[in-house]
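J.: Each residue of the sequence shown is one higher than the last, beginning at 50 in this note's numbering.
Note that beta-carbon positions come from the ideal geometry of N, C-alpha and C, so glycine has one too.
Every value quoted in this text rests on a predicted model; they were computed, and no experiment measured them.
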Amino acid sequence: MFAKSSSTRCLAIIPVVVVSVLIVYATLTYNYYFLYVLHPEPTFAIPVGLLYNFFISLAVWSYFKTLLTEPGFVTEEWSIKAMEEDLGTLCRKCHIKRPIRAHHCGTTNRCVRRMDHYCPWTGNTIGFENHRLFILFLQYTFFASITLFGSALPDIIQLFNGRQSWDKNTRWTTFFDSSYEASNIHLIMFAVTLFIAVTFGLSVGGLYGTHLYLLFTNNTTLEMGGLFSNSEQFNLGLCNNIEQLYGKFGIQWFLPIRLSEGKRVCDGYEFPTREDMLLASDSDFANDLNDEVGKDTKLVKRGAPGQASNQNKNRMGLVPHKQVSATPIGVSAPAEHDDLESLSGSEQRLMNK
50 MFAKSSSTRC LAIIPVVVVS VLIVYATLTY NYYFLYVLHP EPTFAIPVGL LYNFFISLAV
110 WSYFKTLLTE PGFVTEEWSI KAMEEDLGTL CRKCHIKRPI RAHHCGTTNR CVRRMDHYCP
170 WTGNTIGFEN HRLFILFLQY TFFASITLFG SALPDIIQLF NGRQSWDKNT RWTTFFDSSY
230 EASNIHLIMF AVTLFIAVTF GLSVGGLYGT HLYLLFTNNT TLEMGGLFSN SEQFNLGLCN
290 NIEQLYGKFG IQWFLPIRLS EGKRVCDGYE FPTREDMLLA SDSDFANDLN DEVGKDTKLV
350 KRGAPGQASN QNKNRMGLVP HKQVSATPIG VSAPAEHDDL ESLSGSEQRL MNK
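#1: Here's a check: name, in chain order, each residue in its chain whose Cβ is nearer than 6 Å to the Cβ of F183, leaving out the five neighbours to either side.
#2: Taking only three categories from DSSP, how would you classify R141?
#3: Count the CB pairs spanning the segment 101-111 and the segment 194-208 that are closer than 8 Å, and state whether there are at least three.
#4: Just to confirm, are L264 and I291 a CB contact at a threshold of 8 Å?
#5: Should the segment 65-80 be regarded as contacting the segment 234-250, the criterion being three or more beta carbon pairs within less than 8 Å?
#6: Of all the options K297, T118 and G311, which has the alpha carbon lying nearest to the alpha carbon of C415?
#7: Grab me the residues of L403's own chain with a C-beta within less than 6 Å of its C-beta, minus the 5 sequence neighbours each way, in chain order.
#8: Tell me the residue span of the alpha helix (DSSP H) that contains I72.
#9: Assuming N405 and M50 make a contact with CB atoms under 8 Å, what is their CB distance in whole Å?
#10: Quick one: Cα of V161 to Cα of H152, how far?
#11: Contact defined as beta carbons within less than 8 Å: I believe T322 pairs with Q293. What is the distance between those atoms, to the nearest angstrom?
#12: Who are the Cβ neighbours of Y189 in its own chain at under 7 Å, not counting the five residues just before and after it?
#13: Given this structure, state the Cα-to-Cα distance separating T270 from P120, to the nearest angstrom.
#14: So, H260 versus L187, is the Cβ gap smaller than 8 Å?
#15: State the Cα-Cα distance for the pair Y82 and V65, rounded to the nearest angstrom.
#16: So, using beta-carbon positions, are P148 and E319 closer together than 8 Å?
#17: Using the Cβ count rule (16 or more neighbours within 10 Å means buried), how would you classify I245?
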């Protein structure tokens with residue numbers, strides 16, 4: 050949708066139309082033929098229908114948000130600033146400075162921040178700004194496919210077991226207690242719907258699992274493919290990885306809404322690494338250590354002059370380990386002055402002399 054060439058933009062509409070038609074067809078067939086005609090029981094049709102339509106509505110919403118959202122192009126302002134401050138790397142195709150993890154998209158002919166891949170089914174590049182929306186689309190499409198196929202599975206099993214016959218003479222009762230004669234065309238239509246559900250479930254499910262792995266490890270399709278040899282340096286842990294794309298925990302984790310600035314933890318231009326987190330952790334540890342030393346200094350002032358609490362010294366590692374005596378075995382060590390009280394009176398008089 051953001052291709053430079055007008056012909057490319059026109060061609061990108063074709064897959065979008067195909068996906069839209071398949072979703073509309075499957076939804077109408079499932080709601081009318083399966084829920085309204087074959088299973089009009091309110092205890093079954095209403096909860097299952099609500100669940101399926103909830104998932105498919107979120108899937109459609111996420112789909113169009115994905116294809117209409119700019120993937121995250123590197124701005125000219127950032128490139129000029131990077132030129133002045135010697136930041137990033139120079140793209141040999143569009144001749145601009147780009148940040149780390151950015152990649153040149155041949156279809157749009159522009160560099161995209163944290164580019165993942167170009168998706169022909171959305172007619173858009175998947176990058177930093179719309180990767181979250183793309184994952185939500187995969188997620189809810191997979192859930193809708195599972196709901197559709199799972200609700201029809203008992204009928205499919207009965208059909209293959211010979212307990213249920215779906216032919217033109219089969220009659221079903223609708224909500225209005227009027228009889229309906231199932232025709233072969235309706236059976237074929239619903240069979241196509243099941244085929245679409247299985248196809249979407251398998252293909253989208255596999256893709257959804259892959260992108261969940263990429264999300265959890267802070268990786269991209271290009272990086273996982275070996276384009277960058279040190280991509281594991283961006284893996285900061287599960288929660289930190291998710292927050293880089295999804296922002297701080299909120300409703301945008303589940304709905305394809307705009308990510309507000311207050312929820313953002315990353316702008317797609319700078320990405321912290323494991324080394325950065327280790328340095329920050331060491332800095333925090335040093336600050337805590339200084340605080341502890343400050344507390345121990347106060348304790349020394351409260352105690353006897355020139356003496357600190359051995360307990361605090363041990364906790365801070367300030368008391369050296371007890372050295373092993375170098376006195377040979379069998380030779381008595383000289384008594385310390387603190388042991389004078391334990392000597393007998395005669396021994397004390399001798400020492401006084």
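T.: Judging by the given coordinates:
#1: Here the question's residue 183 lines up with position 134 in the sequence shown. Once the five neighbours on either side are set aside, the close Cβ partners of F183 are T115 and I175.
#2: Mapped onto the sequence shown, residue 141 falls at position 92. In the structure shown, R141 sits in coil (DSSP, three-state: anything other than H, G, I, E or B).
#3: yes
#4: Taking the first residue of the sequence shown as 1, we reach residue 264 at position 215. Taking the first residue of the sequence shown as 1, we reach residue 291 at position 242. Their beta carbons are under 8 Å apart, which means L264 touches I291 by this criterion.
#5: yes
#6: Missing from the structure shown is residue 415; the chain here goes from 50 to 402 and no further.
#7: Residue 403 is absent from the structure shown; the chain starts at 50 and stops at 402.
#8: Within the sequence shown, residue 72 is the residue found at index 23, counting from 1. Segment S55 to T78, the alpha helix (DSSP H) holding I72.
#9: Residue 405 is absent from the structure shown; the chain starts at 50 and stops at 402.
#10: Taking the sequence shown and counting its residues from 1, one reaches residue 161 at position 112. Taking the sequence shown and counting its residues from 1, one reaches residue 152 at position 103. Each residue's Cα considered, the two are about 6 Å apart.
#11: Counting from one through the sequence shown, the residue named residue 322 turns up at place 273. Counting from one through the sequence shown, the residue named residue 293 turns up at place 244. With a Cβ gap of about 12 Å, T322 and Q293 do not count as contacting.
#12: Working through the sequence shown from its first residue, we reach residue 189 at position 140. Cβ neighbours of Y189 beyond the five flanking positions: F104, L107, A108 and S111.
#13: Taking the sequence shown and counting its residues from 1, the one referred to as residue 270 is at position 221. Taking the sequence shown and counting its residues from 1, the one referred to as residue 120 is at position 71. Roughly 15 Å between the two C-alpha positions.
#14: On the sequence shown, position 211 is the one that residue 260 refers to. On the sequence shown, position 138 is the one that residue 187 refers to. In this structure, L187 lies closer than 8 Å to H260 by Cβ.
#15: Here the question's residue 82 lines up with position 33 in the sequence shown. Here the question's residue 65 lines up with position 16 in the sequence shown. The alpha-carbon atoms of Y82 and V65 are separated by roughly 25 Å.
#16: As a first step, residue 148 is located in the sequence shown; it is residue number 99 there, counting from the start. As a first step, residue 319 is located in the sequence shown; it is residue number 270 there, counting from the start. The answer is yes: Cβ separation under 8 Å.
#17: Locating residue 245 in the sequence shown gives position 196, where the first residue counts as 1. I245 comes out buried.
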